[in-house]
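All remarks here apply to the structure that follows.
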Amino acid sequence: MMERANTDAAELVEIWRGPFHEGTHRGHVAIWHHDTGLVASWGDAEAVILPRSACKMIQALPLIESGAAREAGLSERQLALACASHQGAAVHRGMVEDWLGDLGLGEGALRCGCQWPNDIEERDRLIRAHDGPNQMHNNCSGKHSGFLTVAKHLNAGPEYLEIDHPVQVAVRTAFEEVTGEDSPGYGIDGCSAPNFATRLKAFAKALAAYAAAGAGGGVRDEAMVTLRTAMAAHPELVAGEGRACTRLMRAMGGRATIKTGAEAVFAAIIPERRMGVAVKIEDGGTRASEAVITQILIAMGVLDPEHPEAVAFAHGPIRNWRGIETGFIKVSDDLARWRP
Numbered sequence: 037m038m039e040r041a042n043t044d045a046a047e048l049v050e051i052w053r054g055p056f057h058e059g060t061h062r063g064h065v066a067i068w069h070h071d072t073g074l075v076a077s078w079g080d081a082e083a084v085i086l087p088r089s090a091c092k093m094i095q096a097l098p099l100i101e102s103g104a105a106r107e108a109g110l111s112e113r114q115l116a117l118a119c120a121s122h123q124g125a126a127v128h129r130g131m132v133e134d135w136l137g138d139l140g141l142g143e144g145a146l147r148c149g150c151q152w153p154n155d156i157e158e159r160d161r162l163i164r165a166h167d168g169p170n171q172m173h174n175n176c177s178g179k180h181s182g183f184l185t186v187a188k189h190l191n192a193g194p195e196y197l198e199i200d201h202p203v204q205v206a207v208r209t210a211f212e213e214v215t216g217e218d219s220p221g222y223g224i225d226g227c228s229a230p231n232f233a234t235r236l237k238a239f240a241k242a243l244a245a246y247a248a249a250g251a252g253g254g255v256r257d258e259a260m261v262t263l264r265t266a267m268a269a270h271p272e273l274v275a276g277e278g279r280a281c282t283r284l285m286r287a288m289g290g291r292a293t294i295k296t297g298a299e300a301v302f303a304a305i306i307p308e309r310r311m312g313v314a315v316k317i318e319d320g321g322t323r324a325s326e327a328v329i330t331q332i333l334i335a336m337g338v339l340d341p342e343h344p345e346a347v348a349f350a351h352g353p354i355r356n357w358r359g360i361e362t363g364f365i366k367v368s369d370d371l372a373r374w375r376p
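According to our numbering, the sequence shown is numbered sequentially starting from 37.
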């Protein structure tokens with residue numbers, strides 16, 4: 037059965053050019069407190085979404101819970117990369133190459149597909165060498181290296197993206213357990229991996245579980261703490277230079293873990309608030325999801341509203357190619373007023 041996007045979206049972000057209101061981004065937000073449940077929402081918290089790459093920390097749970105990460109001796113940096121949508125920079129490609137080598141595998145074992153790196157320096161290096169990208173440049177190659185690590189640990193076959201492969205069975209099980217719901221189905225992501233659908237508030241609930249997890253709370257809690265800590269400690273690996281995830285996590289100094297996903301999904305884990313935040317912008321406008329998550333992080337008290345990165349993502353200004361200020365971003369008044 038075909039599933040259509042929910043249309044009960046809230047107006048969340050306005051785009052202004054000079055004195056003219058040029059456009060509006062609509063979407064959905066769910067904020068979940070681990071102890072008290074849904075504490076705030078805009079749009080429809082019941083909307084079914086594909087969380088895309090914003091759920092990579094959930095897809096990485098089997099990597100730790102199965103014992104695969106421990107057996108492979110993975111570092112905190114590698115665990116951060118397993119949750120990444122990276123730029124394909126030399127540091128990202130190099131880490132994947134070393135990781136595969138440690139597994140006794142080559143680039144051909146990956147199933148994510150080739151992608152030109154978004155990192156300009158690495159892209160230009162390839163062009164100067166009359167070379168092209170390989171699968172290690174794919175923004176999801178860290179996640180796929182994690183999948184391969186689990187597959188080796190389970191003595192499973194090489195086609196680790198098949199829906200009935202033990203790796204994806206483990207991912208779906210973990211996903212449904214932390215969201216507290218059976219997934220209604222899945223789509224195939226840009227990297228060819230299954231991406232399981234869920235309600236927005238269920239995704240926020242899962243993120244709140246990461247926020248509330250504590251050391252000594254069992255295997256799952258330990259895995260959640262390990263992954264959220266790795267991401268916050270290595271923001272340059274989770275995304276890359278210039279990207280919102282990297283810039284905002286640096287600005288927060290480890291107080292929150294955030295992750296973007298395609299089609300304007302954004303996730304946040306705020307341990308000191310025991311809260312999780314899930315954002316979905318209906319038109320797929322990334323600038324809007326970045327503005328919304330920035331405003332919420334400010335409201336949570338984990339991001340200084342005067343920090344240049346906070347100002348840049350929540351307000352702009354918007355500049356043209358000559359550097360002239362042409363407009364600004366404005367989050368909705370209702371969102372701007374909200375405080376936990």
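Every residue gets a Cβ at the ideal spot worked out from N, C-alpha and C, and that includes glycine.
Close CB contacts of A240 within its chain, under the 7 Å cut and outside five residues either way in sequence, are with A66, I67, W68, G312, V313, A314 (chain order). Counting C-beta atoms within 10 angstroms of its own C-beta, A251 has fewer than 16 neighbours from the protein chains shown and is therefore classed as exposed.
Residue environment: F56 is assigned as exposed (fewer than 16 neighbouring CB atoms within 10 Å of its CB, all protein chains considered).
For L99, the CB contacts under 7 Å within the same chain, skipping 5 residues up- and downstream, are A105, A118, G182, T185, V186 in chain order. DSSP places S219 in the coil class of the three-state scheme, outside both helix and strand.
W374 carries a coil assignment under DSSP once its states are collapsed to helix, strand and coil. Across the set I294, L97, G290, G124, the C-alpha of L97 shows the shortest separation from the C-alpha of V203.
For R309 against P376, the beta-carbon gap comes to about 6 Å, under 8 Å, which counts as contact. In this structure, the CA atom of A269 is about 11 Å from the CA atom of M288.
In this model, I306 and L263 are separated by some 13 Å (Cα to Cα).
Counting along the chain, W152 sits inside no beta strand (DSSP E), nor does DSSP assign it H or E at all. In this chain, the beta strand (DSSP E) harbouring L48 covers 46-53. In this structure, DSSP gives R279 a state outside helix and strand, which the three-state scheme calls coil. Under DSSP, T60 shares a beta bridge with E50. Residue pairing by DSSP places K241 opposite no residue, since no beta bridge is assigned to it. Sequence-distant partners of Y196 (beyond 5 residues in either direction) whose C-beta falls short of 6 Å from its own C-beta, in its chain, are F183, A187, V203. Taking 8 Å as the cut-off, the beta carbon of R256 is found closer than this to the beta carbon of E101.
In the DSSP secondary-structure assignment, A66 is bridged to S77, A314.
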